[in-house]
Structures are given as C-alpha cells and as structure tokens.
Amino acid sequence: MKERQSRLKAIKTLIKNNTIESQDDLLALLLKEGYDVTQATLSRDLKLLKVGKVPDGQNGYIYALPGADENAESEAIYVQDFLRGYVSIDFSGNIVVIKTFPGHANTVCNAIDNLNLDEVLGTVAGDNCMFACLREGVTGDEFMEKLKKHIPGLED
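When we follow the UniProt record's numbering, the leftmost residue of the sequence shown carries the number 1, and every step to the right adds one.
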C-alpha cells in the first residue's frame with residue numbers, strides 16, 4: 001500500500017516537472033526514481049490519477065494532471081451518489097457491508113471506488129447491497145473514519 005502511494009506521488013511530481021509524451025518516457029523516469037513497474041500498472045495508475053494528454057503547442061501531446069477544481073467537482077458528485085443511495089453500513093472483519101436502496105448498489109459501489117480509499121482492496125455490488133473488502137489490518141472503524149473525511153456528516 002505504501003509503495004503504491006509513493007509511486008502515485010512520484011508520478012504526479014514527474015508529470016508536473018517534466019514534458020512527458022509517452023508511457024515509455026514515464027516508465028523510464030520512474031525507473032530512474034527506483035520504481036520498476038509494468039506498463040499495465042502504470043496505465044492503471046494514470047487512470048486512477050485521471051491523467052490525460054493535452055496539446056503541447058507543437059503538434060504533439062503531453063501528459064497532464066487534472067485541475068484541483070475538476071477533482072473537487074468529481075468527488076462532490078460521488079459523495080452525492082453515495083449519500084443518495086446508502087441505507088446502512090456495517091462490517092465484520094475486513095468486509096464492509098453497505099445496504100442501499102433498491103437499484104443503488106452499483107452507484108454506491110462506484111462512488112466508493114472513485115473516492116480512491118487506500119483501505120479498500122475492491123468492491124462488489126448487487127441490487128440493494130454492496131461489499132467492500134478492506135486491506136489486511138484495516139478495521140471497520142478505520143474505514144469509517146476515512147470515509148467520514150470524504151463524506152462529512154455520514155451516519156453509520
């Protein structure tokens with residue numbers, strides 16, 4: 001988990017401080033920084049960070065990070081989706097069970113996924129219930145604490 005966070009931070013720094021035209025260029029820079037990752041992992045990281053390509057002004061394209069306003073707006077939408085759909089939250093061991101209104105489990109699940117909580121390994125949605133698997137050692141209380149940072153006023 002820490003290596004991933006460190007790598008994501010390195011990717012952001014590299015994109016901010018360099019003109020990067022391809023994933024191969026970024027992979028080479030990451031390798032120089034001590035991160036030996038595959039193209040598939042890098043591709044997932046770029047998607048997670050919502051990195052896009054923008055014109056460089058010289059008939060080419062370079063990687064760019066989304067603006068802070070765009071990130072805040074996206075998170076606000078996911079928070080609304082979560083609040084609109086969830087009914088209750090409970091947990092046992094490293095499994096979180098979120099009951100939802102009928103037909104809302106996918107939307108709530110998508111919100112959890114897009115809040116990019118490091119505590120969550122993955123999610124599965126049904127019709128009116130979703131499960132989140134927490135990382136080893138993460139408690140339900142720790143998950144709730146982190147979730148409430150993203151969703152103030154959340155009641156469990």
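The beta-carbon is built from N, C-alpha and C at its ideal position, and this holds for glycine as well. Small disclaimer: the values here were computed from a predicted structure and weren't measured.
Helix, strand or coil at residue i according to DSSP, with G and I counted as helix
| i | result |
| --- | --- |
| residue 11 | helix |
| residue 117 | coil |
| residue 77 | helix |
Candidates the options, of which the one nearest residue i by Cα
| i | options | result |
| --- | --- | --- |
| residue 126 | 34, 139 and 98 | 98 |
| residue 8 | 40, 132, 48 and 28 | 48 |
| residue 22 | 63, 5, 55 and 87 | 63 |
| residue 137 | 58, 155, 152 and 118 | 118 |
| residue 149 | 129, 121, 112 and 132 | 112 |
| residue 3 | 37, 17 and 75 | 37 |
| residue 20 | 120, 34, 51 and 5 | 51 |
Delimiting residues of the beta strand (DSSP E) encompassing residue i
| i | result |
| --- | --- |
| residue 127 | Per DSSP, residue 127 belongs to no beta strand (DSSP E) and is neither H nor E. |
| residue 91 | 86–92 |
| residue 98 | 95–100 |
Limits of the unbroken alpha helix (DSSP H) element including residue i
| i | result |
| --- | --- |
| residue 108 | 105–114 |
| residue 155 | Where residue 155 is concerned, there is no enclosing alpha helix (DSSP H), given that its DSSP letter is neither H nor E. |
| residue 137 | Counting along the chain, residue 137 falls outside any alpha helix (DSSP H), and DSSP gives it neither H nor E. |
Beta-carbon gap between residue i and residue j smaller than 7 Å
| i | j | result |
| --- | --- | --- |
| residue 134 | residue 94 | yes |
| residue 108 | residue 82 | yes |
| residue 165 | residue 86 | What the structure shows of the chain is the stretch from 1 to 156, and residue 165 is not part of that stretch, so it cannot be assessed. |
| residue 14 | residue 27 | no |
| residue 96 | residue 132 | yes |
| residue 59 | residue 100 | no |
| residue 140 | residue 91 | yes |
| residue 45 | residue 11 | yes |
For the UniProt domain "Arginine repressor DNA-binding" (3–69), which segments carrying the alpha helix (DSSP H) assignment without a break, of at least 4 residues, lie completely within its bounds, in sequence order? 23–32 and 39–48
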